[in-house]
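All residue numbers for the sequence shown refer to our numbering, where the first residue is 5 and numbers rise by one.
Ideal Cβ placement from N, Cα and C applies to all residues, glycine included.
Before any comments, here is the structure.
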Amino acid sequence: MTFRIGIAIVAMMASTMSIAFAQDSGEAIYKAKCQMCHGATGMADSPAGKAIKVKPVSDPEVKKLTEDQMITATKNGMGKMQPYKDKLTDAQIKDSVAYFRTFLK
């Protein structure tokens, strides 16, 4: 009986961890922290993005940025964008940038 309870607890913990990892995916982070300005598809077509004149992912200046340059910009801020180095982990920043870069295609 105790063994079964132990297995049930481990299974619950594993499923909770999976949910936590899913919530920390690049897409989830992007939607929570970036989408309000960069837009749902990176086109900066949100009211906030338009107001502060965020460049869309289709802009040649954005397209030429490397992944490392985007990570640095996210960490330290760029233009009116606030820095996220104290708000997100390096892994979260990398994952959100990787998700944003899917819009480059």
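Sequence-distant Cβ neighbours of LYS84 in its own chain, meaning closer than 6 angstroms and more than five residues away, are ILE56.
Excluding sequence positions up to five before and after THR45, its CB lies within less than 8 angstroms of the CB of VAL61, PHE107, all in the same chain and listed in chain order.
Judged by their CB atoms, MET40 and ALA52 are nearer to each other than the 8 angstroms cut-off. For the 8 angstroms CB-CB criterion, LYS59 and ALA48 form a contact. Residue range 94-105 is occupied by the alpha helix (DSSP H) that includes SER100. Counting along the chain, the unbroken alpha helix (DSSP H) around GLN73 starts and ends at 71-80. If you ignore the 5 residues before and after ASP63, its C-beta comes within less than 7 angstroms of no other C-beta in its own chain.
The C-beta distance from VAL101 to MET74 rounds to 5 angstroms, short enough to fall under 8 angstroms. Counting of Cβ neighbours within 10 angstroms places GLN96 among the buried residues, the total reaching 16 or more. In chain order, ASP99 place their CB closer than 7 angstroms to the CB of SER29, counting only its own chain and leaving out the 5 sequence neighbours on each side.
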